[in-house]
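First to last, the sequence lines map onto chains A and B.
Offset between the first sequence (1-based) and our numbering: plus 14.
Offset between the second sequence (1-based) and our numbering: plus 14.
2 protein chains.
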Amino acid sequence: MDLIQSVLNGEKRGIAKMITLIEKNAPEAIEALKQIYQHTGKAAIIGITGPPGSGKSSLVNQLTKKIRSEDKKVGIIAIDPTSPFTGGALLGDRIRMQELALDQGVFIRSMGSRGALGGLSRASYDAAKVLDAAGMDYVIIETVGVGQSEIDIVKLADIVALVLIPGMGDEVQAIKAGVMEIGDVFVVNKADKDGANRVVTEIEMMLDLNTEKDAARPPVIKTIATTGEGIDELNEHIKKYWHQIANSNELAKRRKERIRSELISITEDHILNQILSDKSSKIDSMVKDIYEKKIDPYSAMELLIAPEK
Amino acid sequence: MDLIQSVLNGEKRGIAKMITLIEKNAPEAIEALKQIYQHTGKAAIIGITGPPGSGKSSLVNQLTKKIRSEDKKVGIIAIDPTSPFTGGALLGDRIRMQELALDQGVFIRSMGSRGALGGLSRASYDAAKVLDAAGMDYVIIETVGVGQSEIDIVKLADIVALVLIPGMGDEVQAIKAGVMEIGDVFVVNKADKDGANRVVTEIEMMLDLNTEKDAARPPVIKTIATTGEGIDELNEHIKKYWHQIANSNELAKRRKERIRSELISITEDHILNQILSDKSSKIDSMVKDIYEKKIDPYSAMELLIAPEK
Numbered sequence: 015m016d017l018i019q020s021v022l023n024g025e026k027r028g029i030a031k032m033i034t035l036i037e038k039n040a041p042e043a044i045e046a047l048k049q050i051y052q053h054t055g056k057a058a059i060i061g062i063t064g065p066p067g068s069g070k071s072s073l074v075n076q077l078t079k080k081i082r083s084e085d086k087k088v089g090i091i092a093i094d095p096t097s098p099f100t101g102g103a104l105l106g107d108r109i110r111m112q113e114l115a116l117d118q119g120v121f122i123r124s125m126g127s128r129g130a131l132g133g134l135s136r137a138s139y140d141a142a143k144v145l146d147a148a149g150m151d152y153v154i155i156e157t158v159g160v161g162q163s164e165i166d167i168v169k170l171a172d173i174v175a176l177v178l179i180p181g182m183g184d185e186v187q188a189i190k191a192g193v194m195e196i197g198d199v200f201v202v203n204k205a206d207k208d209g210a211n212r213v214v215t216e217i218e219m220m221l222d223l224n225t226e227k228d229a230a231r232p233p234v235i236k237t238i239a240t241t242g243e244g245i246d247e248l249n250e251h252i253k254k255y256w257h258q259i260a261n262s263n264e265l266a267k268r269r270k271e272r273i274r275s276e277l278i279s280i281t282e283d284h285i286l287n288q289i290l291s292d293k294s295s296k297i298d299s300m301v302k303d304i305y306e307k308k309i310d311p312y313s314a315m316e317l318l319i320a321p322e323k
Numbered sequence: 015m016d017l018i019q020s021v022l023n024g025e026k027r028g029i030a031k032m033i034t035l036i037e038k039n040a041p042e043a044i045e046a047l048k049q050i051y052q053h054t055g056k057a058a059i060i061g062i063t064g065p066p067g068s069g070k071s072s073l074v075n076q077l078t079k080k081i082r083s084e085d086k087k088v089g090i091i092a093i094d095p096t097s098p099f100t101g102g103a104l105l106g107d108r109i110r111m112q113e114l115a116l117d118q119g120v121f122i123r124s125m126g127s128r129g130a131l132g133g134l135s136r137a138s139y140d141a142a143k144v145l146d147a148a149g150m151d152y153v154i155i156e157t158v159g160v161g162q163s164e165i166d167i168v169k170l171a172d173i174v175a176l177v178l179i180p181g182m183g184d185e186v187q188a189i190k191a192g193v194m195e196i197g198d199v200f201v202v203n204k205a206d207k208d209g210a211n212r213v214v215t216e217i218e219m220m221l222d223l224n225t226e227k228d229a230a231r232p233p234v235i236k237t238i239a240t241t242g243e244g245i246d247e248l249n250e251h252i253k254k255y256w257h258q259i260a261n262s263n264e265l266a267k268r269r270k271e272r273i274r275s276e277l278i279s280i281t282e283d284h285i286l287n288q289i290l291s292d293k294s295s296k297i298d299s300m301v302k303d304i305y306e307k308k309i310d311p312y313s314a315m316e317l318l319i320a321p322e323k
């Protein structure tokens with residue numbers, strides 16, 4: 015298969031085409047994923063997440079330049095909140111990031127957070143596999159870390175960096191709390207703004223509360239992505255963390271957990287698709303009955319899955 | 015069953031207890047949901063969503079007071095981003111809202127966005143059914159409308175209000191685009207801030223692009239939740255919209271779509287739970303094989319669902 019060879023050669027065209035197949039949930043995508051699978055597992059997958067406006071894209075931009083200066087290849091998957099109604103939104107930040115795309119050692123792909131049949135997290139994770147098989151040393155997955163599905167995506171990474179900024183309200187604090195336990199590295203971006211040290215202190219206090227994790231305490235790094243300040247330190251910490259987990263049991267443990275989630279998720283989807291195609295007329299009549307209160311949804315489900323007589 | 019009667023009588027204790035059972039995914043919850051189902055369908059379910067810091071809770075607070083002044087009962091489900099690591103976050107906004115909780119005609123419940131087995135959207139929708147069966151005239155579901163799962167929740171509502179505020183950046187614009195098509199009513203809160211009229215114009219322009227919807231054009235309402243300005247107008251528009259969809263085919267159509275999603279989702283979960291319990295040792299050994307690259311995830315899935323020989 016030409017496509018497979020093109021991906022394994024690290025050709026941008028092949029990579030782009032295969033990710034498009036994945037997004038469309040095309041049957042060829044699954045065939046291709048089966049074939050590249052044995053070539054995956056070498057890249058370090060880094061998840062970067064944080065609230066809207068925290069400067070994640072600028073940070074990814076800077077970090078990528080830094081990694082490139084060490085002659086490593088970088089694949090970037092940026093999860094965009096898009097809309098079928100407006101026909102998709104293109105972010106200014108992403109446009110700015112395009113300068114990186116001219117570099118042969120960098121591949122950037124935006125994926126919409128809609129329309130990915132079978133779940134956004136699997137589509138993005140499968141895309142990460144393509145970049146991995148294509149020889150990228152690092153695969154960066156960037157999401158807006160507020161919603162549950164977006165958090166699920168970064169959880170698939172080997173290393174998760176959480177980006178926070180000074181001066182956010184109550185609700186943002188709570189969101190921060192919601193993602194706190196998945197961070198391996200904490201980044202306080204826009205560190206030249208008022209309140210940056212307070213955010214650092216708050217994070218340190220939350221980390222103090224964490225008695226469960228037996229892993230090393232995550233570092234808290236101050237950055238100013240627009241000027242590049244703190245990027246060296248961030249890069250060093252990521253490398254250090256990567257070596258640490260790769261040389262212990264930790265990486266294998268994480269990846270096995272990820273494989274388990276993936277196996278369960280694709281099994282679930284497969285069965286669901288079978289039900290939807292095999293029992294669509296039965297579902298139609300049940301929806302009507304439930305609406306008319308002739309039956310409740312749970313009893314209807316029990317009938318739906320009962321073996322045919 | 016005492017619990018059922020307590021819920022149907024509209025007693026806060028019974029309502030709270032049943033929602034707790036739903037959150038825990040207790041088997042009794044399903045039994046109870048089956049029994050209350052025929053008593054549901056009367057309440058207007060209103061979804062309110064918007065980015066962090068847009069003042070949704072204050073808005074819900076004011077709107078509830080307004081609805082109460084018309085002697086209607088209100089149930090509120092507030093979806094909180096919580097964390098197993100910090101033990102859950104309680105928001106200042108929510109604490110402020112507690113003054114409403116002293117009113118016998120108001121029931122408020124926070125639900126965490128974690129730990130709801132079988133999906134957050136179903137747990138919150140089942141909670142809405144409890145409030146509906148308990149005689150609430152309105153059920154308000156409030157979420158932070160950024161993530162996909164949070165958007166899925168408000169899509170379950172009969173009426174969706176989107177809250178936006180002036181002065182947000184690129185990324186927030188894109189998020190706005192992502193939720194644009196689900197809004198029946200648009201609210202520009204903090205309307206005393208600079209740029210409020212520009213946000214109104216932007217929304218109107220996006221609505222102009224929408225040629226698909228045959229429903230009425232959604233109104234765009236300016237509010238200042240802290241002072242209550244615009245709340246009367248919001249309330250009137252919601253009532254008007256409710257009468258409009260209830261007296262046409264629209265409400266039935268939406269509810270049937272919702273029932274379909276629900277039926278599929280509970281079927282999916284049921285099957286998944288069966289696989290997890292019946293084939294757990296098989297899954298364990300497959301995870302190992304996938305990790306060691308002896309097999310790829312998709313081929314493993316095919317083996318997993320193949321009939322036993």
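Each residue gets a CB set at the ideal place from its N, CA and C atoms; glycine is no exception.
Within the stretch 213-268 of chain B, the runs of beta strand (DSSP E) that reach at least 3 residues and sit entirely inside it are, in chain order, 234-236.
Gln76(A) has a beta carbon lying at 7 Å or more from every beta carbon in chain B.
Separation of Arg136(B) and Glu195(A) (C-alpha to C-alpha, rounded to the nearest whole angstrom) is 25 Å. Within 9 Å of the CB of Val213(B), no CB atom of chain A is found; the nearest one sits about 15 Å away. Glu25(B) has its alpha-carbon roughly 28 Å from the corresponding atom of Ile280(B).
From the beta-carbon of Met219(A), no residue of chain B is found nearer than 9 Å; the closest lies around 10 Å away.
If you draw a straight line from the Cα of Ile217(B) to the Cα of Thr63(B), it comes to about 15 Å.
By the C-beta density criterion, Lys307(B) is exposed, having fewer than 16 other C-beta atoms within 10 angstroms. Ile179(A) carries a coil assignment under DSSP once its states are collapsed to helix, strand and coil. Here Asp117(A) carries a coil assignment [DSSP, helix/strand/coil].
DSSP places Gly61(A) in the uninterrupted beta strand (DSSP E) bounded by Ala58 to Gly64.
By the neighbour-count criterion, in which 16 or more other beta carbons inside 10 Å mark a residue as buried, Asp292(B) falls on the exposed side.
Nearest neighbour of Lys56(A) by Cα position, chosen from Asp146(A), Lys204(A), Ala210(A) and Ile259(A), turns out to be Asp146(A). Within the model, the alpha-carbon separation for Asp151(B) versus Val177(B) is close to 22 Å. Within 10 angstroms of the beta-carbon of Thr157(A) lie 16 or more other beta-carbons, which makes it buried. Along the stretch 258-286 of chain A, the positions whose C-beta sits under 8 Å from a C-beta of chain B are Ala266, Arg269, Lys270, Ile273, Arg274, Glu276, Leu277, Ile278, Ile280, Thr281, Glu282, His284, Ile285 and Leu286, read in chain order.
Chain order gives no chain A residues near Lys253(B), where near means a beta carbon separation below 8 Å; the closest approach is about 24 Å. The beta carbon of Arg272(A) sits closer than 6 Å to the beta carbons of Leu170 from its chain, once the five residues preceding and following it are set aside; these are given in chain order. The criterion of a C-beta distance shorter than 7 Å is satisfied by Val199(A) and Pro233(A).
Listed in chain order, the non-local C-beta contacts of Gly181(A) below 6 Å within the same chain comprise Gly209, local neighbours out to five positions each way being set aside. Taking a Cβ-Cβ cut-off of 8 Å, Pro41(A) has no neighbours in chain B, whose nearest Cβ is about 11 Å from it. The straight-line gap separating the alpha-carbon atoms of Ser68(A) and Ala141(A) is approximately 25 Å. Within the same chain, and ignoring the five residues on either side of Ile59(B) in sequence, the residues whose Cβ sits closer than 6 Å to its Cβ are Ala142, Val153, Ala171 and Asp172. The bridge partners DSSP lists for Gly89(A) are Phe121(A) and Val153(A). For the set Glu45(A), Ile309(A), Thr78(A) and Gly28(A), the Cα lying nearest the Cα of Gly242(A) is the one of Thr78(A). Taking a beta-carbon distance threshold of 7 Å, Pro311(A) counts as an interface residue toward chain B.
The beta carbon of Tyr139(A) sits no closer than 7 Å to any beta carbon of chain B.
Annotation: Gln52(B) is outside any alpha helix (DSSP H) and is labelled neither H nor E by DSSP. Using a Cβ-Cβ cut-off of 8 Å, Gln52(B) is close to Lys307 and Asp310 of chain A, given in chain order. Under the 7 Å criterion on CB atoms, Ala314(A) is classed as interfacial with respect to chain B. With 16 or more other Cβ atoms inside 10 Å of its own Cβ, Met300(B) counts as buried.
When 7 Å is used as the limit between beta carbons, Val301(B) is near these residues of chain A: Lys270, Ile273, Arg274 and Leu277, in chain order.
Put simply, the backbone Cα of Lys38(B) is about 20 Å away from that of Leu277(B).
At least one C-beta of chain B is nearer than 7 Å to the C-beta of Ile44(A). Of the residues assessed, Thr215(B) falls on the exposed side of the cut-off, its CB having fewer than 16 other CB atoms within 10 angstroms.
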